[in-house]
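Enquirer: The opening residue of the first sequence carries number 0 in numbering that gives the first Met the number 0; numbering runs sequentially from there.
Every residue gets a Cβ at the ideal spot worked out from N, C-alpha and C, and that includes glycine.
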Amino acid sequence: MKIHTTHLTIHPQGPFHFAATAYSHGWVVLLPNRWDAQKQILQRIERLPDGKVVRLTVRGTGTVAQPEIHIAVEHPGTLSAGEQKILLDLVGHMFRVDEAFHDFYELCRRKGGRWEKLGQGLGRLLRSPGLFEDIVKTLCTTNIQWGGTKRMVEGLVEAYGDSFAGDPTHKAFPTAEAIAAVPLEDFSATVRLGYRAEYVYTLARRIVDGELDLRSFWDRAITTPEMKKRLLAVKGVGNYAAATLLMLLGRHDELAVDSVFRQFVAKKYFPNTQPSDAEAQQIYTDWGEWKYLAYWFDVWEGFDEEV
DNA sequence: TTCCAGGGGTAGA
DNA sequence: TCTACCCATGGA
0 MKIHTTHLTI
10 HPQGPFHFAA
20 TAYSHGWVVL
30 LPNRWDAQKQ
40 ILQRIERLPD
50 GKVVRLTVRG
60 TGTVAQPEIH
70 IAVEHPGTLS
80 AGEQKILLDL
90 VGHMFRVDEA
100 FHDFYELCRR
110 KGGRWEKLGQ
120 GLGRLLRSPG
130 LFEDIVKTLC
140 TTNIQWGGTK
150 RMVEGLVEAY
160 GDSFAGDPTH
170 KAFPTAEAIA
180 AVPLEDFSAT
190 VRLGYRAEYV
200 YTLARRIVDG
210 ELDLRSFWDR
220 AITTPEMKKR
230 LLAVKGVGNY
240 AAATLLMLLG
250 RHDELAVDSV
260 FRQFVAKKYF
270 PNTQPSDAEA
280 QQIYTDWGEW
290 KYLAYWFDVW
300 EGFDEEV
């Protein structure tokens, strides 16, 4: 099949830092994302609504003050204006180009020191184009080491994702329909998700059955505490996952308390003592609605290539 | 072999 | 609301 390439460009409002956003947390290396650290290019397979499967090669150009995001779309056949619009919105969503960070930057400026550098277009944490993918990936980070998360996501993409015709080894993230189409027993036996298999499967099933409308999670009229309740109603989502998902929904007020958080805060702020979760969380109280980002960039400085 | 990870559900107080 | 106990899986 002949593959064509169409070039698209996004003009985010600066400050915006492409590479820092792409490489802002572990999502960048979870399939179908592939990150080339040398070239600072993000590749990803995407399935369009009509089933067409395309490969996106995304790179940052311009400057932090006047940034551009360039997208090369490899696709079979033609790419309609409507499909181009979908892909522009999708990449813009991943990189949070429409999210406002002025208040966060102002807070960082007042904090001073190492926090000030976040004002150079940082603070955006990469997300997936769709919430189904972000919920599933978040479920795959619970009670497991990072290597296990990568293995489980790989398994899901390999087993249920649609292949890109130009490179059949690179597949899209599975749709809820693709997962719900098989019996739970088959799903559990195919991808080794452990007890999480039932959570992922039930989520897919409820979406396909129209029982759960993921669009409702984007309603800005709903308060964050109420939104947290709705997230906790998803089987498999507890306090940690709810806080992570709130961050992915653009709400940064809640801290994701997990083993990494506990170890980091204890080591850095409570030498020789073991703080309770409540005491550990108090470290970030004065960051208000930006607590998640304050913690994340506090801990992220110590991360290296392994993500 | 045992322990436990970027936790969460459930039952019982 | 808080606590024990259980939950698959695979790396350490």
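Please go through the same chain and pick out, in chain order, the residues whose beta-carbon is closer than 7 Å to the beta-carbon of A32, but skip the five residues on each side of it.
Expert: Residue 32 is actually Asn in this sequence, not Ala. Hits under 7 Å: W26, L41, R43.
Enquirer: Check the DSSP bridge columns for Q42 and list the partner residues they point to.
Expert: For Q42, which the question treats as bridged, DSSP gives the partners R33, T56.
Enquirer: For the candidate residues A180, T20, G81, I68, whose alpha-carbon lies nearest to that of D208?
Expert: For the residues A180, T20, G81, I68, the minimum Cα distance to D208 belongs to A180.
Enquirer: Is it the case that the segment 282 to 293 contacts the segment 252 to 259, given that we only count it when at least three CB pairs across the two stretches are under 8 Å?
Expert: Because the criterion of three Cβ pairs below 8 Å is met, the segment 252 to 259 and the segment 282 to 293 touch.
Enquirer: Helix, strand or coil for E67 per DSSP?
Expert: Strand at E67.
Enquirer: Between L29 and S258, what straight-line distance do the alpha-carbon atoms span, to the nearest angstrom?
Expert: Answer to the nearest angstrom: the Cα atoms are 20 Å apart.
Enquirer: Okay, do the segment 67 to 87 and the segment 1 to 13 touch, 3+ Cβ pairs below 8 Å being the bar?
Expert: Yes, the segment 67 to 87 touches the segment 1 to 13.
Enquirer: Would you list the residues sitting across from V72 in a DSSP beta bridge?
Expert: Paired residues: T5, L55.
Enquirer: What does DSSP give as the partner residues of F163 in its beta bridges?
Expert: According to DSSP, which records beta bridges pairwise, F163 is partnered with D166.
Enquirer: Rounded to the nearest angstrom, what separates F15 and K170 at their Cα positions?
Expert: Between F15 and K170, the C-alpha separation is close to 29 Å.
Enquirer: Under 9 Å between the Cβ atoms of L231 and G237?
Expert: Their beta carbons are under 9 Å apart, which means L231 touches G237 by this criterion.
Enquirer: Thinking just about the alpha-carbon of each residue, which of F94, G122, W34 is nearest to the one in V11?
Expert: Sequence inspection shows Pro at residue 11; the Val mentioned does not correspond to that position. Looking at the Cα atoms, F94 is the closest of the given residues.
Enquirer: Between the alpha carbons of F163 and E45, how many angstroms are there, rounded?
Expert: Roughly 8 Å between the two C-alpha positions.
Enquirer: Could you tell me the boundaries of the alpha helix (DSSP H) in which K234 lies?
Expert: Neither: K234 is in no alpha helix (DSSP H) and is coded neither H nor E.
Enquirer: Pick out the complete alpha helix (DSSP H) segments inside the segment 69 to 137, 4 residues or longer, and give them in chain order.
Expert: Listed in chain order, the complete alpha helix (DSSP H) runs (minimum 4 residues) inside the segment 69 to 137 are 80 to 93, 101 to 110.
Enquirer: Check whether the segment 92 to 112 touches the segment 267 to 280, taking contact to mean three or more Cβ pairs, one atom from each stretch, closer than 8 Å.
Expert: Not touching, per the Cβ criterion.
Enquirer: Which ranges does the alpha helix (DSSP H) cover as unbroken runs of at least 4 residues, wholly within the segment 204 to 273, from first to last along the chain?
Expert: Whole alpha helix (DSSP H) segments, 4+ residues: 223 to 231, 238 to 247, 258 to 268.
Enquirer: Between the C-alpha atoms of D185 and V156, what's the straight-line distance to the nearest angstrom?
Expert: Using only the alpha carbons, I get a separation of about 15 Å.
Enquirer: On the DSSP letters alone, give me the boundaries of the alpha helix (DSSP H) that A175 sits inside.
Expert: Its alpha helix (DSSP H) spans residues 175 to 179.
Enquirer: Identify which residue in T189, Y194, L117, K136 has its Cα closest to the Cα of R126.
Expert: Of T189, Y194, L117, K136, the residue nearest in Cα terms is K136.
Enquirer: Is it buried or exposed, Y194, if we count other Cβ atoms within 10 angstroms and call 16 or more buried?
Expert: Answer is exposed; the Cβ neighbour count stays below 16.
Enquirer: Can the beta-carbon of F131 be found closer than 9 Å to that of A203?
Expert: Going by C-beta atoms, F131 is nearer than 9 Å to A203.
Enquirer: Which residues bound the alpha helix (DSSP H) around S275?
Expert: No alpha helix (DSSP H) holds S275; DSSP gives it neither H nor E.
Enquirer: May I have the straight-line CA-CA distance separating K149 from W34, to the nearest angstrom?
Expert: Taking the straight line from one Cα to the other gives about 14 Å.
Enquirer: For I178, which residues in the same chain have their Cβ closer than 6 Å to its Cβ, ignoring the five residues on either side in sequence?
Expert: So the list reads Y159, A203, once near-sequence residues are dropped.
Enquirer: Just confirm the distance between the C-beta atoms of G120 and V63, as a whole number of angstroms; I'd bet it's less than 8 Å.
Expert: Their Cβ separation, rounded to whole angstroms, is 5 Å, which keeps G120 and V63 in contact under 8 Å.
Enquirer: With F186 as the anchor, note down where its alpha helix (DSSP H) starts and where it stops.
Expert: Start and end: 183 to 189.
Enquirer: Is it the case that the Cβ atoms of G235 and F172 are separated by a distance below 9 Å?
Expert: Contact: no.
Enquirer: Would you list the residues sitting across from G61 in a DSSP beta bridge?
Expert: The partner list for G61 (beta bridge, DSSP) reads P66.
Enquirer: Reducing DSSP to helix, strand and coil, say where F15 ends up.
Expert: In the structure shown, F15 sits in coil (DSSP, three-state: anything other than H, G, I, E or B).
Enquirer: By the three-class DSSP mapping on this structure, what secondary structure does Y194 have?
Expert: Coil.
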